[in-house]
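Colleague:
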Amino acid sequence: MKASLDPVQTLHEEPAEAEVVSHRLMLRAGLVRKLAGGVYSYLPMAVRVLRKVETIIRQEMNAAGAQEVLLPALQPSDLWEKTGRWQAYGPELFRLSDRHERAFALGPTHEEVITDLVSQLIRSYRQLPFLAYQIQTKFRDERRPRFGMLRGREFIMKDAYSFSASEEDARRIYARMQETYARIFLRLGLEHRMVEADSGLIGGNLSHEFMVMADSGEDTVMTCEKCSWASNVEKAPDAKVCPVCGFMLASRTAIEVGHVFYLGHKYSDPMGSTFLDSAGKEIPFFMGCYGIGVSRILAAAIEQSHDEKGIIWPVSMAPYRATVLSLGPGMGERREVLGLLETMETLWPGEIYFDDREIRPGMKFQDADLRGIPFQIILGERHVEKGDGEVKIRLTGERLVLPLKEIPALLSARVQGILSES
RNA sequence: CGGGGCGUGGCGCAGCCUGGUAGCGCACCUGCUUUGGGAGCAGGGAGUCGAAGGUUCAAAUCCUUUCGCCCCGACCA
Numbered sequence: 502m503k504a505s506l507d508p509v510q511t512l513h514e515e516p517a518e519a520e521v522v523s524h525r526l527m528l529r530a531g532l533v534r535k536l537a538g539g540v541y542s543y544l545p546m547a548v549r550v551l552r553k554v555e556t557i558i559r560q561e562m563n564a565a566g567a568q569e570v571l572l573p574a575l576q577p578s579d580l581w582e583k584t585g586r587w588q589a590y591g592p593e594l595f596r597l598s599d600r601h602e603r604a605f606a607l608g609p610t611h612e613e614v615i616t617d618l619v620s621q622l623i624r625s626y627r628q629l630p631f632l633a634y635q636i637q638t639k640f641r642d643e644r645r646p647r648f649g650m651l652r653g654r655e656f657i658m659k660d661a662y663s664f665s666a667s668e669e670d671a672r673r674i675y676a677r678m679q680e681t682y683a684r685i686f687l688r689l690g691l692e693h694r695m696v697e698a699d700s701g702l703i704g705g706n707l708s709h710e711f712m713v714m715a716d717s718g719e720d721t722v723m724t725c726e727k728c729s730w731a732s733n734v735e736k737a738p739d740a741k742v743c744p745v746c747g748f749m750l751a752s753r754t755a756i757e758v759g760h761v762f763y764l765g766h767k768y769s770d771p772m773g774s775t776f777l778d779s780a781g782k783e784i785p786f787f788m789g790c791y792g793i794g795v796s797r798i799l800a801a802a803i804e805q806s807h808d809e810k811g812i813i814w815p816v817s818m819a820p821y822r823a824t825v826l827s828l829g830p831g832m833g834e835r836r837e838v839l840g841l842l843e844t845m846e847t848l849w850p851g852e853i854y855f856d857d858r859e860i861r862p863g864m865k866f867q868d869a870d871l872r873g874i875p876f877q878i879i880l881g882e883r884h885v886e887k888g889d890g891e892v893k894i895r896l897t898g899e900r901l902v903l904p905l906k907e908i909p910a911l912l913s914a915r916v917q918g919i920l921s922e923s
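The numbering used here numbers the first residue of the first sequence as 502 and each following residue consecutively.
Right, here's the structure in full:
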């Protein structure tokens, strides 16, 4: 991608509407624009990040035996009445009527829809277990949308639902999802903890949250400084030491990015969603559900990884792997520069953002730092003349000057190192 | 929903108290110079002052209503 063809500009001034750092940086870096309170348009760079996050989620969900579906956002009220949530969900549920005055909701979650669907598909224990997931826009009329992407009224979520023939099997899948989630957040390069949690409105009696550690998080978790134990502060209000290893606990703020629930019969029972077990007896599905806030992950990643100059994307979700900055008039057309671009494109197809604009170098440096692409390849007169180029690592600020020909190999090795750690 | 704040070119703001031709910075367009950390000079385009109603010879400014946005608090991916 060439910057000269990119219609999205960065903002040099702080947007007045944004307070939290992720929101400010997302606006300044040209990732999103607000349409209404808690409702945002995703610009091209943000979509690239979303796709990368989604790809990792899909790979891990598929590896865990889940199958992808896509359920309707528009849901008739009668399904919700069956589970009692048409009333219980309250004003957070977006409600609307069609032209025949039939009531609908915009789905904030999909337990009702998937349960209804699966009860049509599955009649025998022989067809179980079944694990389905989707990645889709959800709607919640939040009492107070805030913090930009962190709490919107419309957001992208990966939600998964499991259907089992026994509680033991359902718990097995629950445990597998816990492992899957840990892998997903590890691959995304996010420091996180799994904590025991309350299950809230979704229901059930077993639930864990996945928290990304960040100074500006909405949640507070107690974390052991020695082992991996952590708990939601509501679950461990007076604990001073770790119940596992006895070490000191610390209170840290975090952002909830994932939540897994064991549901049991909470939805299958009221919806009459049953199968025949091996004894020929009709019993309700044993269910679980598993959510990840996909759009929230973008904001959480920025909250966790930024500095005063801008975003520092983890390599796994960066919109581009590398950005090439040509400095000075005509530099963008130099043979050496075009040659390097071609090699880089071969190495990482579609992953190079070329800042070919005829603007002052300082402007390019500022924008590159703001956008947070992991590797900057800086090509200025004094180095290119000698056949060299400079590589700047956004995370560490490290700068290396080396022959242009060696740059692809260096970057390739660096990325291998980073991605193999996870 | 309770409390607080703000709506003025794309963005950030001044002007409002004390009514009288709508301004500044950034961004944008043209030209010349400049080119390794947000360039300089000259010229230029762009605003129903959130909306409605009222007061007045005259309203961005005063009054009323209303909508929107942000921040702080009250069972949230």
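Even for Gly, the Cβ is constructed at its ideal location relative to N, Cα and C.
Since the structure is predicted, the reported quantities are computational estimates derived from the model, not experimental observations.
1. Going straight from the alpha carbon of Leu689 to that of Arg672, what length do you get?
2. May I ask you to list the residues that DSSP assigns as paired with Ile756?
3. Excluding the 5 residues preceding and the 5 following Val745 in the sequence, name in chain order all residues of the same chain whose CB lies nearer than 6 Å to its CB.
4. Counting C-beta neighbours from all protein chains within 10 Å, is the total for Pro738 16 or more, i.e. buried, or is it exposed?
5. From Ala504, Lys583 and Gly792, pick the residue whose C-alpha is nearest to that of Glu555; which is it?
6. Does the separation of the CB atoms of Leu903 and Glu837 fall below 9 Å?
7. Between the alpha carbons of Leu512 and Val816, how many angstroms are there, rounded?
8. Under 8 Å Cβ to Cβ from Glu613, same chain only, skipping five residues before and after it: list those, please.
9. If distances are taken between C-alpha atoms only, which option among Arg822, Glu859, Asp868 and Ile860 comes closest to Glu846?
10. Inspect the beta-carbon positions of Val634 and Pro609 and report whether they are closer than 9 Å.
11. Return the CA-CA distance between Asp716 and Ser523, expressed in angstroms with no decimal places.
12. In whole angstroms, what separates the C-alpha of Ser667 from that of Phe786?
13. In the DSSP assignment, find the unbroken alpha helix (DSSP H) run with Tyr682 in it and report its ends.
14. To the nearest angstrom, report how far apart Lys887 and Arg652 are at their CA atoms.
15. What is the DSSP secondary structure of Ser779, counted as helix, strand or coil?
16. Could you round the C-beta distance between Ile685 and Glu719 to whole angstroms and report it? I think they count as a contact, below 8 Å.
17. Using the Cβ count rule (16 or more neighbours within 10 Å means buried), how would you classify Asp856?
18. Excluding the 5 residues flanking Thr775 on each side, which residues of the same chain have their C-beta closer than 8 Å to its C-beta?
19. Based on Cα-Cα distance, which residue from His601, Gly840, Arg694 and Leu622 lies nearest to Ser827?
20. According to DSSP, is Arg596 part of a helix, a strand, or is it coil?
21. Restricting to Cα atoms, I'd like to know which of Tyr675, Ser806 and Pro830 is closest to Arg872.
22. Quick check on the DSSP output: what are the complete alpha helix (DSSP H) runs of length 4 or more inside the region 810-880, in order along the chain?
23. Which first and last residues belong to the alpha helix (DSSP H) in which Ser796 is found?
24. Would you report the Cα separation of Tyr682 and Glu843, rounded to the nearest angstrom?
25. Just tell me which of Ile874, Leu764 and Val722 has its CA closest to the CA of Asn706.
26. Helix, strand or coil: which one does DSSP assign to Pro577?
Modeller: Working from what's here:
1. 26 Å
2. Val713
3. Cys728 and Trp730
4. exposed
5. Gly792
6. no
7. 24 Å
8. Gln576, Leu580, Trp581, Lys583, Thr584, Arg586, Tyr768 and Met772
9. Arg822
10. Looking at the sequence provided, one finds Tyr at residue 634 rather than Val. Result no, Cβ atoms of Tyr634 and Pro609 do not sit closer than 9 Å.
11. 11 Å
12. 8 Å
13. Glu668 to Arg688
14. 51 Å
15. coil
16. The Cβ separation is near 21 Å, so there is no contact.
17. buried
18. Ser620, Ser769, Glu783, Ile784, Pro785 and Phe786
19. Gly840
20. strand
21. Ser806
22. 836-848 and 862-872
23. Val795 to Gln805
24. 37 Å
25. Leu764
26. strand
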